[in-house]
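Novice:
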Amino acid sequence: MVLDVFMIQNNYKFIKKYEDFCFGDLKLIFDFEKKIALKKLISINNNYNFIKTSNNDLFNIKVENQLIPKNKYKIEKVFKNNNKEFKVISIDFSQYFNKDFFKGRISFIKKKENIIDFIFQLSAKWKNNIPKKIVLNFPFIINFYKDKKFLKPGHIFDGKKTIKKGVWNLHEYPPSIISDNSNNNFLGLEFYDQFPWQANYNLAMHEAISNENFDKFETEVQLTQELSDIILMKIYISSNVKEKIFHLWKENTRERYDLRKYHNNKNRWIENNYLQHFMFAYGEEAFDYKKMKFKINQIIREGKEFGGYDSILFWHQYPRLGLDESNQWQLYKYLPKNYKTIKKIVDICHSHNIKFFIPFKPWDIRPNESLDSHAKSLEKFIKATDIDGFFLDTMSSLPKSFLKIKKKFPSFEFCSEGTPREKRQIEDLTSSWDQIGDIRRNFKVDINSNFFRFIFPEHPLNLVSRWSVGSDKDSLIKRAVFNGTGMVIWQDVFGCWLPFSGEQKKNIKTLKNILIKYHKCFFGDSSIPLINTLSKKIICNEFSDSTLKEKIYSIHNFSRNEIKGKIIKLNSEVKKISQIYGKNNNVKIVKKQNNFYLSANLDINDLILVNIKFK
Amino acid sequence: MKSIENKKIFINSNKYVYRVEHLTLEGTCSIDHGPKCVEIKDLFVDKYPVTNKQYLNFLKKTGYFPKDNQRFLEHKPNKSIYDLPVVFVSQKDAMEYAKWAGGRLPTDEEWQYIASGPKYLEWPWGNKFNPTLCNHDGDHLVSVNVNRKGASWCGCEDMVGNCWEWTAHIHNDGNHQFALLRGGSYFYAHDHWHVGGGARKTNYHWKLQILNEGMNRASTVGFRCVYDSK
Numbered sequence: 001m002v003l004d005v006f007m008i009q010n011n012y013k014f015i016k017k018y019e020d021f022c023f024g025d026l027k028l029i030f031d032f033e034k035k036i037a038l039k040k041l042i043s044i045n046n047n048y049n050f051i052k053t054s055n056n057d058l059f060n061i062k063v064e065n066q067l068i069p070k071n072k073y074k075i076e077k078v079f080k081n082n083n084k085e086f087k088v089i090s091i092d093f094s095q096y097f098n099k100d101f102f103k104g105r106i107s108f109i110k111k112k113e114n115i116i117d118f119i120f121q122l123s124a125k126w127k128n129n130i131p132k133k134i135v136l137n138f139p140f141i142i143n144f145y146k147d148k149k150f151l152k153p154g155h156i157f158d159g160k161k162t163i164k165k166g167v168w169n170l171h172e173y174p175p176s177i178i179s180d181n182s183n184n185n186f187l188g189l190e191f192y193d194q195f196p197w198q199a200n201y202n203l204a205m206h207e208a209i210s211n212e213n214f215d216k217f218e219t220e221v222q223l224t225q226e227l228s229d230i231i232l233m234k235i236y237i238s239s240n241v242k243e244k245i246f247h248l249w250k251e252n253t254r255e256r257y258d259l260r261k262y263h264n265n266k267n268r269w270i271e272n273n274y275l276q277h278f279m280f281a282y283g284e285e286a287f288d289y290k291k292m293k294f295k296i297n298q299i300i301r302e303g304k305e306f307g308g309y310d311s312i313l314f315w316h317q318y319p320r321l322g323l324d325e326s327n328q329w330q331l332y333k334y335l336p337k338n339y340k341t342i343k344k345i346v347d348i349c350h351s352h353n354i355k356f357f358i359p360f361k362p363w364d365i366r367p368n369e370s371l372d373s374h375a376k377s378l379e380k381f382i383k384a385t386d387i388d389g390f391f392l393d394t395m396s397s398l399p400k401s402f403l404k405i406k407k408k409f410p411s412f413e414f415c416s417e418g419t420p421r422e423k424r425q426i427e428d429l430t431s432s433w434d435q436i437g438d439i440r441r442n443f444k445v446d447i448n449s450n451f452f453r454f455i456f457p458e459h460p461l462n463l464v465s466r467w468s469v470g471s472d473k474d475s476l477i478k479r480a481v482f483n484g485t486g487m488v489i490w491q492d493v494f495g496c497w498l499p500f501s502g503e504q505k506k507n508i509k510t511l512k513n514i515l516i517k518y519h520k521c522f523f524g525d526s527s528i529p530l531i532n533t534l535s536k537k538i539i540c541n542e543f544s545d546s547t548l549k550e551k552i553y554s555i556h557n558f559s560r561n562e563i564k565g566k567i568i569k570l571n572s573e574v575k576k577i578s579q580i581y582g583k584n585n586n587v588k589i590v591k592k593q594n595n596f597y598l599s600a601n602l603d604i605n606d607l608i609l610v611n612i613k614f615k
Numbered sequence: 616m617k618s619i620e621n622k623k624i625f626i627n628s629n630k631y632v633y634r635v636e637h638l639t640l641e642g643t644c645s646i647d648h649g650p651k652c653v654e655i656k657d658l659f660v661d662k663y664p665v666t667n668k669q670y671l672n673f674l675k676k677t678g679y680f681p682k683d684n685q686r687f688l689e690h691k692p693n694k695s696i697y698d699l700p701v702v703f704v705s706q707k708d709a710m711e712y713a714k715w716a717g718g719r720l721p722t723d724e725e726w727q728y729i730a731s732g733p734k735y736l737e738w739p740w741g742n743k744f745n746p747t748l749c750n751h752d753g754d755h756l757v758s759v760n761v762n763r764k765g766a767s768w769c770g771c772e773d774m775v776g777n778c779w780e781w782t783a784h785i786h787n788d789g790n791h792q793f794a795l796l797r798g799g800s801y802f803y804a805h806d807h808w809h810v811g812g813g814a815r816k817t818n819y820h821w822k823l824q825i826l827n828e829g830m831n832r833a834s835t836v837g838f839r840c841v842y843d844s845k
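The listed protein sequences correspond, in order, to chains S and A.
The first sequence maps to residues 1 to 615 in our numbering.
The second sequence maps to residues 616 to 845 in our numbering.
1) Please list the partners that S:GLU325 has in chain A, where partner means a Cβ-to-Cβ separation under 7 Å.
2) When DSSP labels each residue in this structure, what does S:ASN138 get in the three-state scheme?
3) Of all the residues that make up the stretch 282-300 of chain S, which are near chain A by a beta-carbon distance shorter than 9 Å?
4) Would S:ASP364 be called buried (16 or more neighbouring beta carbons within 10 Å of its own) or exposed?
5) Using the beta-carbon of each residue, which ones in chain S are nearer than 8 Å to A:LEU658?
6) Please determine if the stretch 286-300 of chain S and the stretch 493-511 of chain S are in contact, where contact requires at least 3 C-beta pairs separated by less than 8 Å.
7) Once you ignore the five residues that flank S:LYS613 on each side, which residues in its own chain have a CB closer than 6 Å to its CB?
8) Would A:THR643 pass as an interface residue toward chain S - the criterion being a Cβ-Cβ separation below 8 Å?
9) I need the straight-line Cα distance from S:MET7 to S:ASP20, nearest angstrom please.
10) Could you list which residues in chain S have their beta carbon closer than 7 Å to that of A:GLN792, in chain order?
11) If distances are taken between C-alpha atoms only, which option among A:GLY776, A:TYR633, A:ASN750, A:GLY642 comes closest to A:HIS648?
12) According to the neighbour-count rule (16 or more other Cβ atoms, all chains shown, within 10 Å of its Cβ), is S:GLU190 buried or exposed?
13) When we look at the beta-carbon of S:GLU218 and count the other beta-carbons within 10 Å, is it buried (16 or more) or exposed?
14) By Cβ distance, which residues of its chain are closer than 7 Å to A:PRO739, with the 5 residues on each side in sequence left out?
15) Within this structure, are the beta carbons of S:ASP472 and S:GLN504 separated by less than 8 Å?
16) Determine the chain A residues that contact S:TYR318 at a beta-carbon separation under 7 Å, and present them in chain order.
17) Of all Cβ atoms in chain S, is any one closer than 8 Å to the Cβ of A:ASP683?
18) Quick one: is A:LEU640 near chain S, going by C-beta distance under 8 Å?
19) Go to A:TRP715, then tell me how far its alpha helix (DSSP H) extends in each direction, as first and last residue.
20) Let's test the definition: count the other Cβ atoms within 10 Å of the Cβ of A:HIS809 and tell me whether it reaches 16, buried, or not, exposed.
21) Indicate whether at least one CB of chain A lies closer than 8 Å to the CB of S:VAL493.
22) Should S:GLN225 be labelled buried (16 or more other beta-carbon atoms within 10 Å of its own) or exposed?
23) Measuring alpha carbon to alpha carbon, tell me which of S:LYS566, S:SER465, S:LEU598, S:GLN222 ends up nearest S:GLN491.
24) Thinking just about the alpha-carbon of each residue, which of S:ASN272, S:LYS304, S:SER107 is nearest to the one in S:LEU232?
25) Is the shortest distance between the beta-carbon of S:PHE248 and the beta-carbons of chain A less than 8 Å?
26) Name the chain A residues whose beta carbon is nearer than 9 Å to that of S:LEU335?
27) Which residue wins for smallest C-alpha separation from S:ASN353, given the options S:GLY418, S:LYS304, S:ASN82?
28) For A:ARG797, tell me which candidate among A:LYS694, A:ASP657, A:TRP726 has the shortest Cα-Cα distance.
29) Using the C-alpha atoms, what's the distance from A:VAL635 back to A:THR747?
30) Any beta-carbon of chain A closer than 8 Å to the one on S:GLY582?
31) Specify the secondary structure class of S:ARG105 as computed by DSSP and reduced to three states.
32) At a CB distance below 7 Å, what residues from the stretch 495-520 of chain S approach chain A? Give them in sequence order.
33) Are any of the Cβ atoms in chain S nearer than 8 Å to that of A:GLY813?
34) Determine the chain A residues that contact S:TRP329 at a beta-carbon separation under 8 Å, and present them in chain order.
35) With a threshold of 8 Å between beta carbons, is S:LEU321 in contact with chain A?
36) On the DSSP letters alone, give me the boundaries of the alpha helix (DSSP H) that S:ASP20 sits inside.
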């Protein structure tokens, strides 16, 4: 390996004022006159400098609330390696402050195309070996944050302001994005390797930059005598389109995951589980009180109004469990004709190509039970009834005891109530609900982009907001359409009858037919949430597979006005365009100066799907 | 061993303000929980929940055996548990007994009045919970007469804890059928998602959603009877 430059200044006064370093499309110029600051951050393709303000110190250190003056830092060493496989520039510095000795290192590393790691390391040797309170902030990041073109994760521009229109619940956080005025240059900033724990510095950075007042942000750190990693930031670069930042981040994130369980051919059926019916046992919808039997045929018939159920989740344990000692498995014995009832229902479902789930209640595990004993009970139950899946109530992870079941029954599926949040859970759980709704706080169903669905399109989600009624149910359907997800059809919520209207059923049926017809496109690996639109108050998701030959755009007008005209700039010439969801919105392609635009007339709250085939 | 005698206690007619405190964990209990003025007519009430011995006697005398017998008397009552409240009976099984005994199940309003009385006591014995006066968070059912000091204002014992008690009606909101249980039981499940167990206040009822008889019968649900005064 050849080191292009290796410069040591130990024992000498560091005299260089500036140092620049090129990372492909991005050039960094360090300002050593102002000690350790970034003078410029330039996108080489367009010669655009992302840094506009004068004070761009890379960090500030406060020791027991006293700021170490920046002119006191001594630059010890600048190390550069221009090797293609591992480009790096790092700056070592040191400082005595009130008899404590600090050493630090700032590094920028490029190992992958268009991705640069920023690493900040710090150590301290304490006088008397007693640690002091250290607080840090990062002026150069704060300057980005204060820039008018800074987008927090999941936000879009709404005129001069930004609003949040993307949500995610997993412990991978999409980058913030900063762009130039002409929208030709983009930087994504991500604080990676977060752990869901308050003492994780990167999580603190992410949360701070995602919320208000990051400019006042300070983080406390504990230093040791050795250089420790304090902040790890990834910078994603695009000198083309904003969407590339998401794509780079997604690919980089997914590389860490073992997604083999999603490629088990035996349970691929879960990919088509668009509509799941929640069959609450204690009500007229599910139970015939005169004949004392379940109305499974009627449920299946009624399901056709929604486009047909793909699975049924049978529910009779809650809210009955706990009345006596009976556990969740025993309650099946008390159904009419005990287990045979379930077996009969399952057989009927299977004859209609409908899968059947039962729930697992982790909160009901008794002192004499274990997850292993429940796994055994489940195994027996599968053998006796042929059920297809286990719904993990209140859970967003899959216990290892249950995972073994998959070896014996490869087509068996586990679906959790909560979308999995952490790596292992995302790898093991191959489907889940996308559950929203908190009526305690006057919950309103928002039509926004579910980022999880775009990062892991192979993980099927069924959208549900159990207590939503009326216009919120309309919004719920629109949210499913906007994100191209399936739904849970839950009308009897533990004894409250909250049905869908005829119109709503019709819309769900349309959604399901679209998901079937355009499955490849909707669940392709090149889909991108919240792409740039040409009109504020319009949000748009783009769905496509890796061929990029065909795309679907889900477009929502969330303004209080009708919007007419060009909505999205397209990147290629169009072969065919068709509106596949929504009323007739006069969707068309407009060509102007060799550019192609998608144009439409959108009334207030309109949501449409447009299918475009490209030449 | 001499079994206990389930005396009938007379309750004078009275008007009282019915009010049940009942927020369910999710959803609602769709009946009017008051406050509303209700009239209790003269009636007699069993001092204790109906015991195994009483119920076995009923079976012997009538030959009653439910058509749907799933879990019916699953605890197999015998002499050793004669004085325990009969359980594993559905509301229908309880009604059949009551009818045979010349009575009926108490309404939800009547049950509350019998338990709390004209002073609106929150527990049969007073306004402060005392777990030593009832079978609360126990391992099993106990004889109906072991908590004498826990008697209500009119002398009825075992009103709370030990076993839930059926009340008279099946409520139907058009889409669901449910009955109201009173008093709580000895069984106190560990999680907040479970049915709230243990002894429950006199102004509390549990909404039991009705399904088939196998699901309607439980090891913690019994009943007592009231008898209209002629």
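Think of the CB as a built atom: it goes at the ideal place given N, C-alpha and C, for glycine as much as any other residue.
Specialist: Checking against the coordinates, here is how it stands:
1) Ordered by position in chain A, the residues that pass the 7 Å Cβ test against S:GLU325 are PHE802, SER834.
2) With the sequence shown as reference, residue 138 of chain S is identified as Phe, and Asn is not the correct amino acid for it. In the structure shown, S:PHE138 sits in coil (DSSP, three-state: anything other than H, G, I, E or B).
3) TYR282, GLY283, GLU284, GLU285, PHE287, TYR289, MET292, LYS293
4) It counts as buried.
5) Neighbours of A:LEU658 in chain S, taken as residues whose beta carbon is under 8 Å from its own, are absent, since the nearest beta carbon is some 28 Å off.
6) no
7) GLU550, LYS575, LYS576
8) yes
9) Reliability fails at S:MET7, whose pLDDT of 46 lies under 50, so the model's placement of it is uncertain and the value that follows must be treated cautiously. Answer to the nearest angstrom: the Cα atoms are 14 Å apart.
10) TYR289
11) A:TYR633
12) buried
13) exposed
14) ALA730, GLY765, ALA766, SER767, MET774, VAL775, THR817
15) no
16) TRP808
17) yes
18) yes
19) 706-715
20) Burial call: buried.
21) Closer than 8 Å to some Cβ of chain A, the Cβ of S:VAL493 qualifies, so yes.
22) exposed
23) S:SER465
24) S:SER107
25) Per the sequence presented here, residue 248 of chain S reads as Leu, with Phe not at that position. So, not an interface residue.
26) GLN685, LEU826, ASN827, GLY829, MET830
27) S:LYS304
28) The alpha carbon of A:ARG797 has as its nearest neighbour, out of A:LYS694, A:ASP657, A:TRP726, the alpha carbon of A:TRP726.
29) 24 Å
30) Not an interface residue.
31) strand
32) GLY495, CYS496, TRP497
33) No, its Cβ sits nowhere closer than 8 Å to a Cβ of chain S.
34) Within chain A, no residue comes near S:TRP329; the closest Cβ sits about 14 Å away, beyond 8 Å.
35) Output row for S:LEU321: interface = yes.
36) From DSSP, S:ASP20 is part of no alpha helix (DSSP H) but of the beta strand (DSSP E) over 18-23.
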